[in-house]
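Note sheet for the following structure.
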Ligand SMILES: Nc1ncnc2c1ncn2[C@@H]1O[C@H](COP(=O)(O)OP(=O)(O)OP(=O)(O)O)[C@@H](O)[C@H]1O
Ligand SMILES: [Mg+2]
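Protein chains in written order, with the working numbering: chain A, 1 to 403; chain B, 1001 to 1235.
Here you go:
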């Protein structure tokens, strides 16, 4: 009997395609808006997380100065011993990379550009999640000797060498020295405001002795710290703060002249706020879905009046009130389901185009699609019921007489 | 109980409205119709002909009295049961044709079969043979707007007989038609009555139309005024 009602309903829909389309337009727009908002919002959250995790695994960054701004310039840098103290005295730390970095002019043949050169230990690759795409990292011997070797990022490869040229083994001029390229980093892309791939990584002694030409104990400008999985980063930050205050001989009334960035915390805050934004947008879109449902009810009610004679005819040839009710209900549900499907299809297209446009990763979210579809079917039942009952309660003779 | 009759009415009344505004359209009708009869119901406007047809056709309920169809006490049936009786035993033809607009002749005729849950193939075949039997085998795809009044009424007849009903109710079936088309429709109804044994009850105002019937029941003010047999039409 349901199948029969479905058949009759489909026939009715086919007979009035324009009306059907106008009826479900609201649902189509509502469903596609909800699905698009949630999918893109998820993408944005994901993208924030990805960008931050691309910075490093459970990364904490120790910098001199109280934060950003002019005051940080005068704050003393760190020593290598500071880095080893953090590594050895604080539990729950996987690796520590002391970093000395500076900008240098780099030249290869006629190409020249300014690039950030980072000197560090091999731990740097692990802490900051760099992987080698081609070539190799520097060896312990090269490190100890301060050998003129370096691993370059994708941007440096593109800008300095251009496509089709294998940089491995080539020599580039960095500042006043020559560095041999021994490896190429796998690209990370744009993170926040900086291009991560515009970098050259050399052994710490190489930048200290060869490139900068001086070897001061106080020249470590960043210490990158990788926490072990599952450690409490608040506790870790507290411990690092305490250790550094002690090592830098700060009195109780003196403020910190260094600071610890906890990327996990930043990631959590950012993704929480994008999630809130997503929920908000989805709620707004949800309202349009509701409006779409009311549109269905409105048009179904109008169509009951419009189709009074048709209902009379159906009753006269032996349709029961129950069947007429079912027909109108199935019609409303079928319409809203079709609307839901079309909306999902539209959202699929919109998401693909928009995700590309605003550069967030696109992942098909089957859950929100299912929810939106179920919701549109529910709207069909909810808003289809009143018109259907009105149709079923019509008196056959009255209905037949209706003009 | 007497099971000889197809339709048996005893003291059937119908009152419209309530209280002082009420109006009694049928004032105690006693009537029996046998299987295979062709009855014309005549009478002045407002005498209660359509009211009777609607009650007989189970579209409406009487206010009092007894209505027995075959062995079924119709006045005791629920709305739903009356729908099913319509579906399985009764056919209707109206003055205004009452076809679904923008729907082909074929689909219009298939409509009653849809409610019987028949297969597509069966529906199709039965609808086509019904349309062929009313002489519209070549108009299957035409919508009502693309057909003459007579053709539309023949589609309506095909729709009424496609379910092989026992009884056909026709309320002024030729009321909207010219005289040539009227003859066509009446010959069709006569043939259905004679060849298929379908009982026909028909309301009409025209004597020429009533001549096709074997029996004429005349109404006046909610009463049966006369009930006579026609002399057989010799042709
Ligand atoms: N729904 C109704 N409410 C109130 N009165 C009604 C209703 N339907 C019919 N009547 C009245 O009942 C009486 C009989 O009506 P009915 O339609 O049966 O007449 P009829 O014999 O078919 O007339 P006609 O030849 O004009 O079709 C009329 O006086 C009419 O006004
Ligand atoms: Mg009448």
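For each residue, glycine too, the CB sits at the ideal point set by N, CA and C. Keep in mind that this is a model prediction, so the values were computed, not measured.
Comparing C-alpha distances from residue 111 of chain A to each of A:263, A:157 and A:393 shows the shortest one belongs to A:157. Distance between residue 353 of chain A and residue 29 of chain A, taken at the CA atoms: about 17 Å. Within the segment 316-337 of chain A, those residues whose Cβ lies closer than 8 Å to any Cβ of chain B are, in chain order, 316, 317, 318, 319, 320, 321, 322 and 323. Beta-bridge annotation (DSSP): residue 1036 of chain B is not paired with any residue. Looking only at A:204, A:203 and A:185, the smallest Cα-Cα distance to residue 196 of chain A is reached by A:185. For residue 244 of chain A, the enclosing alpha helix (DSSP H) begins and ends at 233-247. The Cβ of residue 1226 of chain B sits no closer than 7 Å to any Cβ of chain A. Distance from the C-beta of residue 1025 of chain B to the nearest heavy atom of ligand 1 is below 6 Å.
DSSP lists A:111 as the beta-bridge partner residues of residue 108 of chain A.
A check of alpha carbon separations from residue 207 of chain A across A:130, A:102 and A:350 identifies A:102 as the nearest. Rounded to whole angstroms, residue 1084 of chain B and residue 1207 of chain B show a C-alpha spacing of 34 Å. Closest in C-alpha terms to residue 1012 of chain B, from the list B:1039, B:1073 and B:1042, comes B:1073. The Cβ neighbour count for residue 276 of chain A, taken over all protein chains shown within 10 Å, is under 16; the residue is labelled exposed.
Fewer than three Cβ pairs drawn from the segment 1183-1193 of chain B and the segment 1008-1027 of chain B lie within less than 8 Å of each other, which leaves the two stretches out of contact.
Residue 42 of chain A sits buried, since 16 or more C-beta atoms from the chains shown fall within 10 Å of its C-beta. Contacts with chain B at 7 Å (Cβ-Cβ) do not include residue 401 of chain A. Closer than 7 Å at the C-beta level to chain A, one finds these residues of the segment 1101-1129 of chain B: 1102, 1103, 1111, 1112, 1114, 1115 and 1117. Near ligand 2, meaning a beta-carbon closer than 7 Å to one of its heavy atoms, we find B:1049, B:1050, B:1171, B:1172 and B:1203. For residue 309 of chain A, the CB contacts under 8 Å within the same chain, skipping 5 residues up- and downstream, are 399, 400, 402 and 403 in chain order.
Distance from the CA of residue 1055 of chain B to the CA of residue 1068 of chain B, rounded to the nearest whole angstrom, comes to 11 Å. At a Cβ-Cβ threshold of 7 Å, residue 189 of chain A and residue 211 of chain A do not count as neighbours. Per DSSP, reduced to three states, the secondary structure at residue 82 of chain A is helical. The beta-carbon of residue 1038 of chain B is placed no less than 7 Å from the nearest beta-carbon of chain A.
Out of B:1046, B:1102, B:1052 and B:1063, the CA that lies nearest to the CA of residue 1201 of chain B is found in B:1052. Residue-level contact check: residue 1169 of chain B does not touch chain A, since none of the beta carbons of chain A fall below 7 Å from its beta carbon. Taking the beta carbon of residue 1180 of chain B as reference, no residue of chain A falls within 9 Å; the closest one sits roughly 27 Å away. Residue side-chain check: residue 340 of chain A keeps its Cβ at 6 Å or more from all non-hydrogen atoms of ligand 1. Within a 10 Å sphere around the beta-carbon of residue 323 of chain A sit 16 or more other beta-carbons, which makes this residue buried.
Using a Cβ distance threshold of 7 Å, residue 180 of chain A and residue 151 of chain A do not count as a contacting pair. By the neighbour-count definition (other C-beta atoms within 10 Å, threshold 16), residue 1154 of chain B is a buried residue. In the displayed model, residue 103 of chain A falls within a strand according to three-state DSSP. Judged by the Cβ position, residue 1212 of chain B fails to qualify as a neighbour of ligand 1 at the 6 Å threshold, every heavy atom of the ligand being at least this far. Close to residue 397 of chain A, with beta-carbon spacing below 7 Å, are these residues of chain B in chain order: 1054, 1059 and 1060. Straight-line spacing of the CA atoms in residue 223 of chain A and residue 162 of chain A works out to 33 Å. Not one heavy atom of ligand 1 is found less than 6 Å from the C-beta of residue 1032 of chain B. Taken in chain order, the members of the segment 14-40 of chain A whose beta-carbon sits within less than 7 Å of a beta-carbon on chain B are 15.
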